[in-house]
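One structure is given below, encoded as structure tokens.
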Amino acid sequence: LVLNDVAFEGEFVPARSAVWSLSARTADGGGLDGLPEPIVIQVIADSAPSVTIPVPGVDTIAPPSMMLPLMIAIEDDHGVSNAALEVRQARTDQVRRIELETGPPGSDRALINEQLPLGAFDLGPGDTLYYAAVARDNHPSSQVGRSREFSVRVPTVQEQRDRQAEATESTRAGLDSLRA
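With our numbering as the guide, the letters of the sequence shown map in order to residues 4 to 183.
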């Protein structure tokens with residue numbers, strides 16, 4: 004603490020939880036009245052960012068467009084520094100990282116809508132792709148959070164035929180109801 008005639012100032016950054024109190028004496032060693040009560044300070048360690056993928060939020064089948072809509076939700080008390088999707092092909096086990104836009108720097112949360120272009124991964128019928136979101140916070144120790152890993156499977160040729168037949172039948176039934 005820096006003493007300036009009748010006042011003092013300074014900073015103190017506690018490294019552990021404790022009860023802290025101020026003690027002071029006059030220049031000739033006498034005690035002072037009116038000192039503040041002890042202060043209880045609880046130091047809480049930084050936690051990693053919370054990262055979830057609520058949409059689709061389950062393992063799924065690739066849509067015919069081969070574009071998988073995703074929503075990624077990230078929260079952190081020190082702010083989100085950066086985020087990415089980590090995508091792994093089951094056939095090759097190769098991981099590709101796709102950087103995500105997290106919004107304003109230092110924001111404590113991000114809600115990201117992203118389209119995962121499944122066609123960019125050279126997938127064939129029956130192939131599976133695994134994906135998870137990761138985020139890093141702004142804390143000096145740079146904590147990393149990770150979502151649960153999800154899978155998206157490209158339907159087999161027979162499954163695609165069955166899907167097309169169901170859609171055709173549904174359309175036929177709808178047209179028949181208009182005719183009746």
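Every residue gets a Cβ at the ideal spot worked out from N, C-alpha and C, and that includes glycine. Here the structure is a predicted model, which is why all the values come from computation and not from measurement.
- Residue 60 carries a coil assignment under DSSP once its states are collapsed to helix, strand and coil.
- Distance from the Cα of residue 25 is smallest, within the candidate group 4, 78 and 126, for 4.
- Here residue 52 is not near residue 129, since their CB atoms are 7 Å or more apart.
- When secondary structure is reduced to three states using DSSP, residue 171 falls in the helix class.
- The bridge partners DSSP lists for residue 131 are 156.
- It is roughly 13 Å from the alpha-carbon of residue 78 to the alpha-carbon of residue 107.
- Pairing residue 58 with residue 74 gives a Cβ-Cβ distance under 7 Å.
- With contact defined as three or more Cβ pairs closer than 8 Å, the region 61-69 and the region 152-169 are in contact.
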